[in-house]
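Working notes, beginning with the structure itself.
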Amino acid sequence: MDTTSTTAEYDRLIARHHAMRLRRQILAPAPSFPAGPSAPPGPSASADSADGYDGYDGYDGAADQRLILRDLALVTPFDELIDHLYACMFRRRPFLRALFPESMEFQQAHLERMFEYLVERLDRPAELADTLTRLGRDHRKLGVRPVHYEAFEEALREAIRFRAGSRWHAGLEAAWVRMLRFAVRSMVAGAEAALTEPPYWHATVVGHERRRHDLAVLRVRTGEPYPYRAGQYGTVEHPALPHTWRQYSMGCAPRADNELEFHVRRTGPGGVSAALVGSTAVGDRLRLGPPRGTLMPEDDIRDLLLVAGGTGLAPMKAIVERLVEHRPRGQRVHLFVGARNRGELYDWPALAELGHRKPWLELVPVTEDGGTPIAPGGRLAEAVGRAADWSEHRACVSGPAGLVDEVRTRLAAAGLPAARIHHDPVLGRF
């Protein structure tokens, strides 16, 4: 299909979407689909309800979770389901390929984690909707419209039928479609609620410092205020890799000059992290997606336990900077920073200076080579667990997923309620 015909097909699809939306506004609202095991309307009927999927306020996610889990073996492994899904979607709607990065490997892995996340939490629709609403707000930077989700649903139906083969049944497909439509409705609501803010911000690199061969601290400045809170993260796009966005936490508290800091470790060749660490210079332009995350609770007077591994130090440094300016009277803060050796404590001098000037801040380095007297040769979770009784604190944990899980498990076992252990999920995009 040549570029002209592809563009024309895309324009027709968007025009059809807007016409359907106007028709629904003028006429009666679309009827709701039942939450039970019966199949929803097929593709011809779903077109009218592709924008928002009205009528799911009483969605019974637990019932669909049971259906999906019962027959999960029919459609898994997820990577094979996703391979067929994208192949179908790009074959039927080739213009959608331009919304995705050249390499689909990272995207497919993220979608697999998203499916796992949805299925695991489907019995908690209110909690799930809250996360998906924030995700929908962020998706605006990708140029995703509600009509694109219709194409995704169409491809998901085909992929489920292909994977299940002769064991396919309408109830299985219906449960997956209802789950998807619930997710889409939440994401569209998030996107529409954020129409007054930019889908992304342009940022200029004003500082690039290599702290190690594989790690750099970048300072960037946006042309207009970037409305984030200490502890949040945003997504970054490098001009060398269009449509490829990666998550990085801001490493400083909000500043009046619109300057932000990112701590980036190169995780492999050819990706965004490699470009940011090795191929970025002062004056380069980046794009930032909307800020996300709820790592740091607002207005909490409890003493804080902050635990960081690797570049997970960035949001903790931002939180400490904020507390320097706005700290509840009497609040104390313990910051544990983990690394393999002293040389990998890349931002320690700046933290140590803060610690010397602020008696309410206690810094504890934990290294695998025995850099701390608390746990010589031990791991970060062990050092934190042995250091004190944290049951009355509020904890924030950031770093590699395995480390976060270890620290959460250790703190929960020691009596700190799970509701007071904060960390941010890592989600992909459809």
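Residues 731 to 1160, numbered by the working numbering, are exactly what the sequence shown covers, in order.
Cβ atoms here follow ideal geometry from the backbone N, Cα and C, with glycine treated the same way.
Legend entry - Neighbourhood of R1140 by C-beta distance below 6 Å, restricted to the same chain and skipping five residues each side: Taken in chain order, the residues that qualify are A1111, G1115.
Legend entry - C-alpha distance - E922 paired with R887, whole-angstrom precision: 26 Å
Inset, instruction - Could you tell me whether the region 827–843 touches the region 896–912, using the rule of 3 or more Cβ pairs below 8 Å? - result: no
Legend entry - Contact belief for R941 with E991 at Cβ below 8 Å, rounded distance in angstroms: Distance from R941 to E991 at the Cβ level is roughly 12 Å; contact not present, criterion being Cβ atoms closer than 8 Å.
Legend entry - As assigned by DSSP and simplified to three states, the class of V1137: If DSSP states are grouped into helix, strand and coil, V1137 belongs with the helices.
Legend entry - Residue interval of the beta strand (DSSP E) (run including L1034): 1034–1039
Inset, instruction - Spell out the partners DSSP gives A946 in its beta bridges. - result: R940, V994, per the DSSP bridge assignment.
Inset, instruction - Report the option in H932, V1037, R1109, E1028 whose CA atom is closest to the CA atom of L1093. - result: V1037
Inset, instruction - Please report the Cβ distance between P929 and R870, rounded to the nearest whole angstrom; I am assuming they are in contact, meaning their Cβ atoms lie under 8 Å. - result: Between P929 and R870, the beta carbon gap of about 4 Å places them in contact (Cβ cut-off 8 Å).
Legend entry - E810 versus P855, A792, A894, R800, residue with shortest Cα-Cα distance: Comparing alpha-carbon positions, the option among P855, A792, A894, R800 lying closest to E810 turns out to be A894.
Legend entry - For R964, the three-state DSSP class (helix, strand or coil): The sequence given here places Gly at residue 964; Arg does not occur at that position. It is a strand residue.
Inset, instruction - Within the same chain, show all residues whose beta-carbon is closer than 6 Å to that of E832, passing over the 5 residues directly before and after it, in chain order. - result: none
Legend entry - Beta-bridge partners of H1064, as assigned by DSSP: L1035, E1092
Legend entry - N- and C-terminal bounds of the alpha helix (DSSP H) containing L1018: In the DSSP annotation of this structure, L1018 is not part of any alpha helix (DSSP H); the continuous beta strand (DSSP E) holding it starts and ends at 1015–1018.
Inset, instruction - Would you please state the rounded distance, in angstroms, between the beta carbons of G1085 and L1018? I believe it to be under 8 Å. - result: So it is not a contact: roughly 30 Å between Cβ atoms.
Inset, instruction - On the DSSP bridge assignment, give the partners of E989 in chain order. - result: R951
Legend entry - Closest by C-alpha distance to D1029, when choosing among A889, A803, A960, G901: A960
Inset, instruction - If I'm right that D853 touches G791 with Cβ under 8 Å, what's the distance once you round it to whole angstroms? - result: 5 Å
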